[in-house]
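**Student:**
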Amino acid sequence: MIKRIYSVNIAVKDLDEAVARYESALGVKAEHLQEADFAFPGLVGAKLNVNGVYITLIGSKTGNTSVASFLERRGEGVFLVSFEVDSMEEDSAALKEKGLVFLLEQPVRGEFGAVNFVHPKSMHGVQLEIIQP
273 MIKRIYSVNI AVKDLDEAVA RYESALGVKA EHLQEADFAF PGLVGAKLNV NGVYITLIGS
333 KTGNTSVASF LERRGEGVFL VSFEVDSMEE DSAALKEKGL VFLLEQPVRG EFGAVNFVHP
393 KSMHGVQLEI IQP
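Using the working numbering, the first residue of the sequence shown is number 273, and each one after it goes up by one.
1) Mapping the DSSP letters down to three states, classify A318 as helix, strand or coil.
2) Identify whether S279 lies in helix, strand or coil by the three-state DSSP scheme.
3) Cβ atoms of A290 and H414: under 8 Å apart, would you say?
4) Can you say whether Q306 is buried or exposed, counting buried as having 16 or more other CB atoms within 10 angstroms of its CB?
5) Look up A386 in the DSSP assignment and say whether it is helix, strand or coil.
6) By Cβ distance, which residues of its chain are closer than 6 Å to E401, with the 5 residues on each side in sequence left out?
7) Could you give the residue range of the alpha helix (DSSP H) that holds F351?
8) Look up V339 in the DSSP assignment and say whether it is helix, strand or coil.
9) Contact check, G314 vs T337 under 8 Å by CB: the rounded distance?
10) Provide the residue(s) that pair with F374 in DSSP beta bridges, ordered along the chain.
11) Are the Cβ atoms of Y278 and E361 separated by less than 8 Å?
12) Quickly, what does DSSP pair Y326 with across the bridge? List them, please.
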């Protein structure tokens, strides 16, 4: 089932500014992410490892990403919370049985592992990411 909180993902308008602020405030050096680290193209980001939980800062290179839409509607802030699971298939099925609605029919797979997203309406306005790194 769910092993742990994997990351808290924060949508930001200016990645460099956000990285400088978070590095200074948390005393942790950020690791810049590549496009292959994301399930969908058009995103930029950096992650800070805070005692085994990542704070991931995500920006958008284009206006047609979910992060760009989020920033336009809500401004900067928590975009989603990621939970690491043991088995994407088994754990997704168990969560669906509990009434959670996933945004994708099948998980997206890449260098990052496998991910799927729980619709925010299923979790009181918070989008969840289920990840099997």
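For each residue, glycine too, the CB sits at the ideal point set by N, CA and C.
Just so you know, these numbers come straight off a predicted model, no measurement behind them.
**Tutor:** On the basis of the coordinates in this document:
1) Within the sequence shown, numbered from 1, the residue matching residue 318 stands at position 46. The answer is strand: DSSP assigns A318 an E or B state.
2) The sequence position of residue 279 within the sequence shown is 7, counting from 1. Under the three-state reduction of DSSP, S279 is assigned to strand.
3) Summary: the structure shown does not reach residue 414, with the chain confined to residues 273 through 405, and so no result is reported for it.
4) Here the question's residue 306 lines up with position 34 in the sequence shown. The residue is exposed, with fewer than 16 neighbouring Cβ atoms inside 10 Å.
5) Translated into the one-based positions of the sequence shown, residue 386 becomes position 114. Strand, per DSSP.
6) In the sequence shown, the residue the question calls residue 401 occupies position 129. The residues are L352, S354, V387 and F389.
7) As a working mapping, residue 351 is identified with position 79 in the sequence shown. Here F351 belongs to no alpha helix (DSSP H); instead the beta strand (DSSP E) covers G349 to V357.
8) Within the sequence shown, the letter at position 67 stands for residue 339. It is helical.
9) As a working note, residue 314 is residue 42 in the sequence shown. As a working note, residue 337 is residue 65 in the sequence shown. Contact between G314 and T337 holds: their C-beta atoms lie close to 4 Å from each other, under 8 Å.
10) The sequence position of residue 374 within the sequence shown is 102, counting from 1. Bridge partners of F374: V390.
11) Translated into positions along the sequence shown, residue 278 becomes position 6. Translated into positions along the sequence shown, residue 361 becomes position 89. No, the Cβ-Cβ distance between Y278 and E361 is not below 8 Å.
12) The residue given as residue 326 occupies position 54 in the sequence shown. In the DSSP assignment, the residues bridged to Y326 are S279 and N321.
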